[in-house]
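Chains as they are written, first to last, in the numbering used here: chain A, 46 to 368; chain B, 46 to 368.
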DNA sequence: TTGTATGCGTTATCAT
DNA sequence: ATGATAACGCATACAA
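1) Compare the C-beta of residue 254/B with all C-beta atoms of chain A and state if any pair is closer than 8 Å.
2) Can you check whether the C-beta of residue 117/B is within less than 8 Å of a C-beta belonging to chain A?
3) DSSP three-state call for residue 53/B: helix, strand or coil?
4) Can you tell me which of 80/B, 250/B, 302/B, 211/B puts its alpha carbon nearest to the alpha carbon of residue 244/B?
5) In the DSSP assignment, find the unbroken alpha helix (DSSP H) run with residue 258/B in it and report its ends.
6) What are the residues in the region 307-329 of chain A lying within 8 Å of chain B by C-beta distance?
7) Locate the beta strand (DSSP E) running through residue 105/B, then write down its first and last residues.
8) Could you name the residues of chain B that residue 113/A contacts, counting a contact when the two beta carbons are closer than 7 Å?
9) Expressed to the nearest angstrom, what Euclidean distance is found between the alpha-carbon atoms of residue 96/B and residue 91/A?
10) How far does the beta strand (DSSP E) with residue 312/A in it extend, from its first residue to its last?
11) Residue 128/A: which of 200/B, 147/B, 164/B, 121/B sits nearest, CA to CA?
12) Are there 16 or more other CB atoms within 10 angstroms of the CB of residue 109/A, so buried, or fewer, so exposed?
13) What is the C-beta distance between residue 162/A and residue 183/A, in whole angstroms, given that I count them as a contact (C-beta under 8 Å)?
14) Suppose you measure from the CA of residue 137/A to the CA of residue 209/B; what does that come to, to the nearest Å?
15) Thinking just about the alpha-carbon of each residue, which of 338/A, 217/A, 93/A is nearest to the one in residue 199/A?
16) Does the CB of residue 343/A have a neighbour CB from chain B at under 8 Å?
17) Return the residues of the region 121-148 of chain A that lie within a Cβ-Cβ distance of less than 7 Å from chain B, sorted by chain order.
18) Who does residue 180/A pair with in a DSSP beta bridge?
19) State the DSSP-derived secondary structure class of residue 205/B, mapped to helix, strand or coil.
20) Who are the neighbours of residue 156/B on chain A, taking C-beta pairs under 7 Å?
21) Between 87/B, 54/B, 53/B, 52/B, which has its C-alpha nearest residue 65/B's C-alpha?
22) For residue 176/A, is the classification buried or exposed, using 16 other Cβ atoms within 10 angstroms of its Cβ as the cut-off for buried?
23) Quick one: does residue 84/B have its CB under 8 Å from some CB of chain A?
24) Using the rule of at least 16 other Cβ atoms within 10 Å of the residue's Cβ for burial, across every protein chain shown, is residue 99/B buried or exposed?
25) Can you grab the Cα-Cα spacing for the pair residue 36/B / residue 352/A, in whole Å?
26) Threshold first: 4 residues or longer. Then list the alpha helix (DSSP H) segments lying entirely within the region 134-170 of chain A, N to C.
27) Terminal residues of the continuous beta strand (DSSP E) containing residue 328/A?
28) Name the DSSP beta bridge partners of residue 315/A, please?
29) Per DSSP, which one or two residues make a beta bridge with residue 369/B?
30) Using only alpha-carbon positions, find the residue among 195/A, 283/A, 178/A, 271/A that is nearest to residue 340/A.
31) Closer than 7 Å between beta carbons: that is the criterion. Which residues of the region 157-173 of chain A meet it against chain B?
32) Do the region 269-276 of chain A and the region 308-320 of chain A touch if we need at least three Cβ pairs shorter than 8 Å?
33) Run through chain B and tell me which residues come within less than 8 Å of residue 290/A, C-beta to C-beta.
34) Just the C-alpha distance for residue 284/B and residue 322/A, rounded to the nearest angstrom, thanks.
35) Taking only the alpha-carbon atoms, compute the straight-line gap between residue 248/B and residue 215/B and give it to the nearest angstrom.
Here it is, written out as structure tokens:
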């Protein structure tokens, strides 16, 4: 910067003003701009950050970018952040609570302006010194959270299964230590079924995080209900992944899906080649979630921030329900 | 930091030494550590970075994190970086050359220690002031590049199709402005076919980046070759995505895949639910690529860096080849 | 070994 | 409006 000042024959302060678009004499501005170009000068964000204690950087904590939902969400968060001139420090936590805590500390140390976190740590300490927006999980009363409207999603699934003519339905989900807001999918579903007088039961599996194990446990559970009979004619699954597993198992029992059983999942995962939904599903508004999270994070007046923002879901038609 | 010094009753320098694990009196160290804990002190990376002009941060430029290959790669890069104590500044470029250039500038301004880029900009300027590792594309003679061994992948595909008894084979790929190292898939395939005396032809499609358009163009091309006949009994596709499109089209023509036609793709994309390969495929060693890229980036002696690192691929059995 | 002083690149506060 | 100077938090060279 002082090179620029020397080259342009002005003082440092003047250069700074030009950079920050503060009023400055036209002649000076020209000279400075020319010098900047000539020397290929770039401001040093670290010096700026040190001085201003504002870094235009946000941290994103996410389990991974491999799962389609997380990958898409990470992408959208990144875009929303970029669009507002923010850089994105990405941390993949792999569901590891200790990593989550460590990364929060790293982010703090890195003086990020805010953190967006999709976390699974029940005792994650969110320091007051930085603004934090949670996704899909309420961390505490003063940390804003944005998620899909999971309750409405459950209701919507019930409505669809009812419309498809189902007479007795089942809800299945995987249970991990923290399901965040997603438990509302069940309440919404039950609520919806009741309003349609649709008999409804539910079952919760332990999430082993190993697909084949999960599938084995699932098959064992489903066998007495669906082998040679059909205890339910409609199933609402907590995630699309689960819906696909259930579909495969039922088909292996000789059932038709759809037909004998209608299945609806949750998330809105699309096949990467056909870009169609991998199953009939309640679609999360991923882009809107990302945009809302960034918006909340970058708001000045955090006081007026609503604690929980539930964004509307839609039904996505896939190949596990009759049309 | 000076709060810590005061609390511990020592000088600033001492605190700094404790933090950086420099030799310091044991008594002092204890006091300082206690003070740090008590005040919940964290070093300010921005001050550190300003002083040391070393930020322990790397930038990753990638088209997106939505595509399974990119999502997985981004994840692996992130992990490799984290494992070495580096933070990851993620930039999604959406294949946009001007965004790529802009993000390189942003990264530079942000004083990253290095950049890992999977880019599509033919005239991307890579400044000498920062170390840069390219993935899948040779940028210039002094920028290291790591990719799969695309040539060997082509050979391997030829070998497999030959072993499957194919008598006449076809290579199809999509062409975008820059295909980087991936054009070698064709050369390797041709080379392999020649050594097996396997007649081989090839076709290149313009990549519209819109799947349905691509599929329409593809169908039009394939129709005279495969409708009511079978001009080739084996197809090697430049990507898994393409392989899936081709498979769907051939099936819609009434052909059996595998059986009438054997198809092999490239990338190693797995179904997110079953975790099986979505098609028979040449598998890219994504984790190794990420690890190698990070390793190259963080090397001190960039002089001895090989310009191009080709990592071995493997065959992944999917449902588009007979077993 | 421990403490002190200087400078990293920038911005903001002054006096000019 | 412009130019000099201090301060941001830390690391390091140097003095004690």
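The beta carbon of each residue, even a glycine, is placed where N, CA and C say it ideally should be. Just so you know, these numbers come straight off a predicted model, no measurement behind them.
Result, derived from the coordinates:
1) So no, residue 254/B is outside the interface.
2) Answer yes: the Cβ-Cβ gap between residue 117/B and chain A drops below 8 Å somewhere.
3) Helix, per DSSP.
4) Comparing alpha carbon positions, the residue from 80/B, 250/B, 302/B, 211/B closest to residue 244/B is 211/B.
5) Start and end: 256-271.
6) So the close ones are 314, 317, 318, 319, 320, 323.
7) Start and end: 102-107.
8) Residues of chain B passing the Cβ test: 317.
9) The alpha-carbon atoms of residue 96/B and residue 91/A are separated by roughly 9 Å.
10) From DSSP, the beta strand (DSSP E) with residue 312/A extends over 307-312.
11) Nearest option by C-alpha distance: 147/B.
12) By the 10 Å Cβ count, residue 109/A comes out buried.
13) Taking C-beta atoms under 8 Å as the contact rule, residue 162/A and residue 183/A fail to qualify, at a distance of about 12 Å.
14) If you take the alpha carbons of residue 137/A and residue 209/B, they lie about 41 Å apart.
15) Among 338/A, 217/A, 93/A, the Cα nearest to that of residue 199/A belongs to 217/A.
16) No - not a single Cβ of chain B is within 8 Å of the one on residue 343/A.
17) The region 121-148 of chain A vs chain B, Cβ under 7 Å: 123, 124, 132, 133, 134, 135, 137.
18) According to DSSP, residue 180/A bridges with 191/A.
19) Residue 205/B falls in the helix class under three-state DSSP.
20) Neighbours of residue 156/B across chain A, judged by C-beta separation under 7 Å: 89, 90, 91.
21) Distances from the alpha-carbon of residue 65/B to those of 87/B, 54/B, 53/B, 52/B put 87/B closest.
22) Buried is the call here.
23) Interface flag for residue 84/B against chain A is unset, since no Cβ pair is found closer than 8 Å.
24) Flag for residue 99/B reads exposed.
25) Limits of chain B in this structure are 46 at one end and 368 at the other, which puts residue 36/B out of reach.
26) Correct list: 142-154.
27) Per DSSP, residue 328/A belongs to the beta strand (DSSP E) from 326-328.
28) Partner(s): 322/A.
29) Summary: the structure shown does not reach residue 369/B, with chain B confined to residues 46 through 368, and so no result is reported for it.
30) Of the candidates 195/A, 283/A, 178/A, 271/A, the one whose C-alpha sits nearest the C-alpha of residue 340/A is 178/A.
31) Listed in sequence order: no entries.
32) The region 308-320 of chain A and the region 269-276 of chain A do not touch, with fewer than three beta-carbon pairs separated by less than 8 Å.
33) Those within 8 Å of residue 290/A in chain B are 318.
34) Each residue's alpha carbon lies about 21 Å from the other.
35) The alpha-carbon atoms of residue 248/B and residue 215/B are separated by roughly 8 Å.
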